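Peer 1: Protein chains in written order, with my numbering: chain A, 672 to 995; chain B, 672 to 995. Quick one: this structure, given as structure tokens, is what I'll be asking you about.
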């Protein structure tokens, strides 16, 4: 076995064993042909996989290794949140080139295991490999949900209100700043999206959401997914969309990020959901904002501040976060 | 979204939907934030991930796309087999460079879905990404096993017999031939390892195996895993090890592959298991061979044809199948 890979495996095993295991669901973790998991009785299993590739999803000169691994695991946890599920275990396939410093891998694992601990899940397995060029991390998160209770994208009904958690556009604005000035590195470093697991579970327990998705590709694209799967249309109110805030100019005045970042920027990891019932302003400490309504007519529309309505195209993801 | 990735996602969705879904375990497949799976009552979940990287695990000029994807999925199915489990669903994370022909991806998916169909599982989800350089495929296979019945690596007892399924060394011999002559391509093309799922299930149902592992790294390395996890040693009989056969020389005489290929060659995907009971010569149509005994003293030994016993070092994997 190549030295790097041997070291990598040892490091992952050591880190994973040292990390707290507070879930009873993992019966057998790292060290056998498969992990063995035991889910709560009457529950179904949720599975999500998310692949992160160097220079496609992250850059080593822009992102700290902790930020990279937190983002990897956040993507998976956020998918579990979007079903109203309970995360149970994570799996990591990690391929690294021979010249990757072991310190980088150490910090990557620290970030991953730190976030796993916050959500009381363990790293239960995975795979390692030498990569000819560039780092690749594929994360699988397994979750559970009471039988038949997963919140799908396909349940939105005409007349439902459309809601989002938190603020949108932070990540896209940070990437745009990096592109322009190469000085925004600390924004990426400190940006720590919070997977909205508790909000998703609240909505599921109280039967409040008719459809739900997490905002990973960007609001316009993710809303289109709900519309397509539910065979409905949507109308958004531009003024209502909660925008992240950033400091700008020499005097570091705090402003809302541009509307386009909130509409089309990806990597928000907030929840977008629809409901026939009014929703509290805050759930599990997270602000909830109504941003529009589900409509019968296909397609999406956006009502601007001046009251004019225009067609909203799905433009998420490709513009901002891809092809760093 | 970049054109290649859009096409890739469309292709995977189309292929996955077209493929037979004969398992009731997948409640919601591709097209939501997570897949939803329902396991049989009283069962535990098995999870395995296997990462395959171009020029580390396969080469496009040596392996057909079908051979690459079959090998990817075989690795996962073989891990499920090694626990005595029942495969339920597969997930694929696929990253491809922009210059990868769509035809290659088509054939890759054909191979994957063909093997999935043989084992009555569906492709229930995954992720796609653009890769700056080289193809990367990470496969997750989910399986199930009756609660508490998974066959682990840690159960081997002093005095147990050691068995393997099938023949060993075919893949390592083929790779060696490719290295020497670059003429053995068809061997790689036609080599179709069969995950021993039915054998694993038989052994589990009849409570016959005390420990089990699949031969992916090579006999010497995988036997060492059993010894370490079970805190025992092992003695193998060189003459008893079933070697694959290959045709050699101008007259294409059929010979056993070299003992070293059977001892240390990886990618066999046969099962290695220990048992206190005698085992039938054939299970589910697959030949079973006793190759040694579990010993109290730590370490592994090999008794040669001349009756002499020497120390057996774990040398699997690194010599033959890595760093193509």
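From the three backbone atoms N, C-alpha and C, an ideal C-beta is built for every residue, glycine too. Everything numeric in this text was worked out from a predicted model, so none of it was measured.
Check the Cβ of residue 807 (chain A) against every Cβ in chain B and list those closer than 7 angstroms, keeping chain order.
Peer 2: In the first chain, the residue the question calls residue 807 (chain A) occupies position 136. In chain order: 766, 807.
Peer 1: Helix, strand or coil for residue 968 (chain A), going by three-state DSSP, please let me know.
Peer 2: Start at 1 with the first residue of the first chain, and residue 968 (chain A) comes out as number 297. Three-state DSSP puts residue 968 (chain A) in coil, outside helix and strand.
Peer 1: So which residues on chain A does residue 1002 (chain B) lean against when the C-beta distance must stay under 8 angstroms?
Peer 2: Any answer about residue 1002 (chain B) is impossible in this case: the structure gives chain B only from 672 up to 995.
Peer 1: Please say whether residue 766 (chain A) and residue 821 (chain A) have beta carbons closer to each other than 8 angstroms?
Peer 2: On the first chain, position 150 is the one that residue 821 (chain A) refers to. On the first chain, position 95 is the one that residue 766 (chain A) refers to. No. Outside cutoff.
Peer 1: Helix, strand or coil for residue 731 (chain B), going by three-state DSSP, please let me know.
Peer 2: Locating residue 731 (chain B) in the second chain gives position 60, counting from the first residue. Note: residue 731 (chain B) maps to coil in three-state DSSP.
Peer 1: Could you have a look at residue 893 (chain B) and say whether DSSP puts it in helix, strand or coil?
Peer 2: As a first step, residue 893 (chain B) is located in the second chain; it is residue number 222 there, counting from the start. Residue 893 (chain B) falls in the helix class under three-state DSSP.
Peer 1: Measuring straight from C-alpha to C-alpha, what distance separates residue 753 (chain A) and residue 953 (chain B)?
Peer 2: Here residue 753 (chain A) is taken as the residue at index 82 of the first chain, counted from 1. Here residue 953 (chain B) is taken as the residue at index 282 of the second chain, counted from 1. Looking at the two C-alpha atoms, the distance is approximately 48 angstroms.
Peer 1: Which chain B residues sit within Cβ distance under 7 angstroms of residue 698 (chain A)?
Peer 2: Residue mapping note: residue 698 (chain A) aligns to position 27 of the first chain, counting from 1. Within chain B, the residues near residue 698 (chain A) are 715.
Peer 1: Which one of A:771, A:970, A:938 has the shortest CA to CA distance from residue 915 (chain A)?
Peer 2: By one-based count along the first chain, residue 915 (chain A) stands at place 244. Cα-wise, what sits closest to residue 915 (chain A) is A:938.
Peer 1: Could you please give me the residues that DSSP links to residue 716 (chain A) through a beta bridge?
Peer 2: Position 45 of the first chain, counted from the first residue, corresponds to residue 716 (chain A). Answer is A:815, B:708, bridged to residue 716 (chain A).
Peer 1: Which residue or residues does DSSP assign as beta-bridge partners of residue 722 (chain A)?
Peer 2: Mapped onto the first chain, residue 722 (chain A) falls at position 51. Bridge partners of residue 722 (chain A): A:809.
Peer 1: Since residue 749 (chain B) is in the alpha helix (DSSP H), which residue starts that stretch and which ends it?
Peer 2: The count along the second chain starts at 1 and reaches residue 749 (chain B) at position 78. 736 to 752 is the extent of the alpha helix (DSSP H) around residue 749 (chain B).
Peer 1: Starting from residue 873 (chain B), follow the alpha helix (DSSP H) in both directions and report where the run begins and ends.
Peer 2: Here the question's residue 873 (chain B) lines up with position 202 in the second chain. From DSSP, the alpha helix (DSSP H) with residue 873 (chain B) extends over 868 to 876.
Peer 1: Keeping to the same chain, check which residues put their C-beta closer than 8 angstroms to that of residue 786 (chain A); ignore five residues upstream and five downstream.
Peer 2: Start at 1 with the first residue of the first chain, and residue 786 (chain A) comes out as number 115. Excluding residues within five positions, the ones whose Cβ falls inside 8 angstroms are 740, 741, 744, 745, 748.
Peer 1: Note down, in chain order, every chain B residue with its Cβ under 9 angstroms from the Cβ of residue 891 (chain A).
Peer 2: To locate residue 891 (chain A), count along the first chain from 1; it is residue 220. Under the 9 angstroms cutoff, chain B gives no residues; its nearest Cβ is about 12 angstroms from residue 891 (chain A).
Peer 1: Listing by chain order, which chain B residues have their CB less than 9 angstroms from the CB of residue 762 (chain A)?
Peer 2: One-based indexing of the first chain puts residue 762 (chain A) at position 91. Those within 9 angstroms of residue 762 (chain A) in chain B are 718, 719, 720, 811.
Peer 1: Who are the neighbours of residue 866 (chain B) on chain A, taking C-beta pairs under 7 angstroms?
Peer 2: In the second chain, counting from the first residue as 1, residue 866 (chain B) sits at position 195. Ordered by position in chain A, no residue passes the 7 angstroms Cβ test against residue 866 (chain B), which lies about 12 angstroms from the chain.
Peer 1: May I ask you to verify whether the segment 833 to 850 of chain A touches the segment 802 to 818 of chain A, counting CB pairs closer than 8 angstroms and requiring at least 3?
Peer 2: The answer is no - the segment 802 to 818 of chain A does not touch the segment 833 to 850 of chain A, with fewer than three Cβ pairs under 8 angstroms.
Peer 1: Between which two residues does the beta strand (DSSP E) harbouring residue 917 (chain B) extend?
Peer 2: Sequence index remark: in the second chain, residue 917 (chain B) carries index 246 (1-based). Here the beta strand (DSSP E) through residue 917 (chain B) covers 916 to 919.
Peer 1: Compare the C-beta of residue 817 (chain A) against all C-beta atoms of chain B and say whether one is closer than 8 angstroms.
Peer 2: What you label residue 817 (chain A) is simply residue 146 of the first chain in a count that begins at 1. Cβ-Cβ to chain B under 8 angstroms: no for residue 817 (chain A).
Peer 1: Relative to the C-alpha of residue 951 (chain B), which residue among B:835, B:891, B:910 is closest?
Peer 2: Translated into the one-based positions of the second chain, residue 951 (chain B) becomes position 280. Here the closest residue by C-alpha is B:835.
Peer 1: Just to confirm, are residue 716 (chain B) and residue 708 (chain A) a CB contact at a threshold of 8 angstroms?
Peer 2: What you label residue 716 (chain B) is simply residue 45 of the second chain in a count that begins at 1. What you label residue 708 (chain A) is simply residue 37 of the first chain in a count that begins at 1. A contact, by the Cβ cut-off of 8 angstroms.
Peer 1: Under 6 angstroms Cβ to Cβ from residue 975 (chain A), same chain only, skipping five residues before and after it: list those, please.
Peer 2: As a position in the first chain, residue 975 (chain A) is number 304, starting the count at 1. Counting only Cβ-Cβ distances below 6 angstroms, and skipping sequence neighbours, we find 909.
Peer 1: Does any residue of chain B bring its CB to less than 8 angstroms from the CB of residue 916 (chain A)?
Peer 2: Position 245 of the first chain, counted from the start, is the residue given in the question as residue 916 (chain A). False, the Cβ-Cβ gap to chain B never drops below 8 angstroms.
Peer 1: Give the interface partners of residue 823 (chain B) over in chain A, defined as CB-CB distance under 7 angstroms, in chain order.
Peer 2: As a first step, residue 823 (chain B) is located in the second chain; it is residue number 152 there, counting from the start. The answer, in chain order, is 699, 703.
Peer 1: List the residues of chain B that residue 727 (chain A) touches, going by C-beta distances under 9 angstroms, in chain order.
Peer 2: Within the first chain, the letter at position 56 stands for residue 727 (chain A). Going along chain B in sequence order, the residues near residue 727 (chain A) (Cβ under 9 angstroms) are 766, 800, 801, 802, 803.
Peer 1: Please classify residue 889 (chain B) as buried or exposed, where buried requires at least 16 other C-beta atoms within 10 Å of its C-beta.
Peer 2: Reading the second chain from its first residue, position 218 is the one you call residue 889 (chain B). Buried.
Peer 1: I need the straight-line Cα distance from residue 878 (chain B) to residue 794 (chain A), nearest angstrom please.
Peer 2: Along the second chain, read from residue 1 onward, the residue named residue 878 (chain B) stands at position 207. Along the first chain, read from residue 1 onward, the residue named residue 794 (chain A) stands at position 123. Cα to Cα, the separation comes out at about 30 angstroms.
Peer 1: Determine the DSSP secondary structure at residue 855 (chain A), reduced to helix, strand or coil.
Peer 2: For the purposes of this step, residue 855 (chain A) is taken as the residue at position 184 of the first chain. Its pLDDT being 47, under 50, residue 855 (chain A) is placed unreliably in this model, and the value from its coordinates should be taken loosely. The answer is coil: DSSP assigns residue 855 (chain A) none of H, G, I, E or B.
Peer 1: Given a threshold of 16 other Cβ atoms within 10 Å of its Cβ, counted over all protein chains shown, does residue 874 (chain A) qualify as buried or as exposed?
Peer 2: Here residue 874 (chain A) refers to the residue found at position 203 when the first chain is read from its first residue. Buried.
Peer 1: Using a 10 Å radius around the Cβ and a threshold of 16 neighbouring Cβ atoms, would you call residue 855 (chain A) buried or exposed?
Peer 2: Position 184 of the first chain, counted from the first residue, corresponds to residue 855 (chain A). Because residue 855 (chain A) sits at a pLDDT of 47, beneath the cut-off of 50, its placement in the model cannot be relied upon, and the following sentence gives the value as read from the coordinates. Buried, since its Cβ has 16 or more Cβ neighbours within 10 Å.
Peer 1: Quick check: is the beta carbon of residue 755 (chain A) nearer than 8 angstroms to any beta carbon in chain B?
Peer 2: On the first chain, residue 755 (chain A) is found 84 positions in, with the first residue counted as 1. No - not a single Cβ of chain B is within 8 angstroms of the one on residue 755 (chain A).
Peer 1: Return helix, strand or coil for residue 984 (chain B), following the three-state DSSP convention.
Peer 2: By one-based count along the second chain, residue 984 (chain B) stands at place 313. Here residue 984 (chain B) sits in coil by DSSP.
Peer 1: Counting only C-beta atoms, is residue 941 (chain A) closer than 8 angstroms to chain B at any point?
Peer 2: Within the first chain, numbered from 1, the residue matching residue 941 (chain A) stands at position 270. Not one chain B Cβ lies under 8 angstroms of residue 941 (chain A).
Peer 1: Considering just the uninterrupted stretch of the alpha helix (DSSP H) at residue 777 (chain B), what are its terminal residues?
Peer 2: The count along the second chain starts at 1 and reaches residue 777 (chain B) at position 106. Its alpha helix (DSSP H) spans residues 773 to 789.
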